[in-house]
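**Student:** Have a look at the structure that comes next, please.
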Amino acid sequence: MKLIAIDMDGTLVSKQLKVTKANKEAIQKAREKGHMVVIATGRSFDEARYTLGEAELHLPLICVNGAEIRNEKWEKVTSIPIPFRQYFNVEKALRANNIYYEVYTSEGTYTDNREKAFKVMKDIVLTSNPDATEDDVHKAALRRFKLGTVKYIRDYDLLMEKEGLEIYKVLAFSSEPEKVANSVERLKQIDHLAVSSSANNNLEITNADAQKGVALEKFAKLNNISLEDTMAIGDNYNDVSMLEKVGISVAMGNAYDEIKNIAKFVTKTNDESGVAYAIENYLEERKTSLA
-19 MKLIAIDMDG TLVSKQLKVT KANKEAIQKA REKGHMVVIA TGRSFDEARY TLGEAELHLP
41 LICVNGAEIR NEKWEKVTSI PIPFRQYFNV EKALRANNIY YEVYTSEGTY TDNREKAFKV
101 MKDIVLTSNP DATEDDVHKA ALRRFKLGTV KYIRDYDLLM EKEGLEIYKV LAFSSEPEKV
161 ANSVERLKQI DHLAVSSSAN NNLEITNADA QKGVALEKFA KLNNISLEDT MAIGDNYNDV
221 SMLEKVGISV AMGNAYDEIK NIAKFVTKTN DESGVAYAIE NYLEERKTSL A
């Protein structure tokens, strides 16, 4: 394997939203041996680089599910936005079902409702960290706003007035399955969109060409690497497109069963440094199974 692609939430980071020491060391060891490592996340660049910066890891990034690719210096290489015309149709579909959403752009992530954004962030933290205390959940959500990774705008239409701005992703949330299902049906009628999910109560909407698998294929090609020589590690539905394309697909121990079923191997959980376990098994022991 020449390339290792790693998801972030539920994969690289623990329930405390930190990169474990074992994962960091395994990545560094892989790179020392000549393997390229890229992070493939649904997060925005700002949110991804904060967590990687804390761990002192400077890695290439596939951000916003593939809408943006950045090199090791974190310079933008490519971007695949949602055209404004399509965005307006997405907006109509979500508002018709009274679903709250946030807009990920080339200038950051925006919300038009601070209270809902804060509640959603707490729900996200709690979903991936069910054992977290209320205080930990509150602090993690508050940090998102203090860091400025989510910005308030009174009306999303004002984004269209920002010169050069690109819309990368619409992230929608609802605790009502029927509303989510109705929205998905409407979104399916919009040309050239990809709709995935990173939790039970959310929808991640991007350009059809802005998926992790498509972006990973592009990243590999830019670096003259075959996808057959690539390992991908993930835990959720937005990882499927890359897990299906690579030579070695690895599902986390905490992944949904559907994700485990499509992966060739299953490693340990994110709290057990499953990324390190997968990398070490490949690099050191050359096993045919990670079980």
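Mapped onto the numbering used here, the consecutive letters of the sequence shown carry residue numbers -19 to 271. A virtual CB, placed ideally from N, CA and C, is assigned to each residue, including glycine. Computed from a predicted model, the values in this text were never measured in an experiment.
Please name the residue in V(-7), K13, R50 whose C-alpha comes closest to that of K(-18).
**Tutor:** The shortest C-alpha separation from K(-18) is found at K13.
**Student:** Can you tell me whether G193 is buried or exposed? The criterion is at least 16 other CB atoms within 10 Å of its CB, across all chains shown.
**Tutor:** Buried, by the Cβ-count rule.
**Student:** Measuring CB atoms only, is the region 246 to 253 touching the region 192 to 207, in the sense that at least three cross pairs come out at less than 8 angstroms?
**Tutor:** Not touching, per the Cβ criterion.
**Student:** Can you tell me whether DSSP reads A120 as helix, strand or coil?
**Tutor:** A120: helix per DSSP, three-state reduction.
**Student:** By the DSSP assignment, the alpha helix (DSSP H) with Y67 in it spans what residues?
**Tutor:** Counting along the chain, the alpha helix (DSSP H) containing Y67 begins and ends at 64 to 76.
**Student:** What does a CB cutoff of less than 6 angstroms around Y67 pick up in its chain, not counting 5 residues either side in sequence?
**Tutor:** Within the same chain, Y67 has close Cβ partners I147.
**Student:** In chain order, which alpha helix (DSSP H) runs of at least 4 residues are fully inside the region -18 to 65?
**Tutor:** List check, alpha helix (DSSP H) in window: 1 to 12, 25 to 34.
**Student:** Can you round the beta-carbon distance between N203 and S178 to whole angstroms, since I take them to be within the 8 angstroms contact cut?
**Tutor:** With 8 angstroms as the limit, N203 and S178 do not qualify as a contact, their Cβ atoms being about 26 angstroms apart.
**Student:** Is the beta carbon of K168 sitting closer than 8 angstroms to the one on V44?
**Tutor:** Contact flag unset, no.
**Student:** DSSP state of Y136, grouped into three classes?
**Tutor:** Y136: helix per DSSP, three-state reduction.
**Student:** At which residues does the beta strand (DSSP E) containing H173 begin and terminate?
**Tutor:** Reading the sequence as shown, one finds Leu at residue 173 and not His. Taken as a continuous stretch (DSSP letters only), the beta strand (DSSP E) holding L173 covers 173 to 176.
**Student:** Rounded to the nearest angstrom, what separates L139 and Y236 at their Cα positions?
**Tutor:** Cα to Cα, the separation comes out at about 36 angstroms.
**Student:** Thinking A152 and L183 are a contact (beta carbons under 8 angstroms), I'd like their distance in whole angstroms, please.
**Tutor:** 4 angstroms between Cβ atoms; contact.
**Student:** Taking a contact to mean a Cβ-Cβ separation below 8 angstroms, would you say A212 touches A190 in this structure?
**Tutor:** Contact: no.
**Student:** According to the neighbour-count rule (16 or more other Cβ atoms, all chains shown, within 10 Å of its Cβ), is E95 buried or exposed?
**Tutor:** Its Cβ having fewer than 16 others within 10 Å, E95 is exposed.
**Student:** In the structure shown, what three-state DSSP assignment does E184 receive?
**Tutor:** Correct three-state label for E184: strand.
**Student:** DSSP three-state call for N261: helix, strand or coil?
**Tutor:** N261: helix per DSSP, three-state reduction.
**Student:** If you draw a straight line from the alpha carbon of T58 to that of V70, how long is it in whole angstroms?
**Tutor:** Each residue's alpha carbon lies about 23 angstroms from the other.
**Student:** Hey, quick one: how far does the alpha helix (DSSP H) through M222 stretch, first residue to last?
**Tutor:** Its alpha helix (DSSP H) spans residues 220 to 223.
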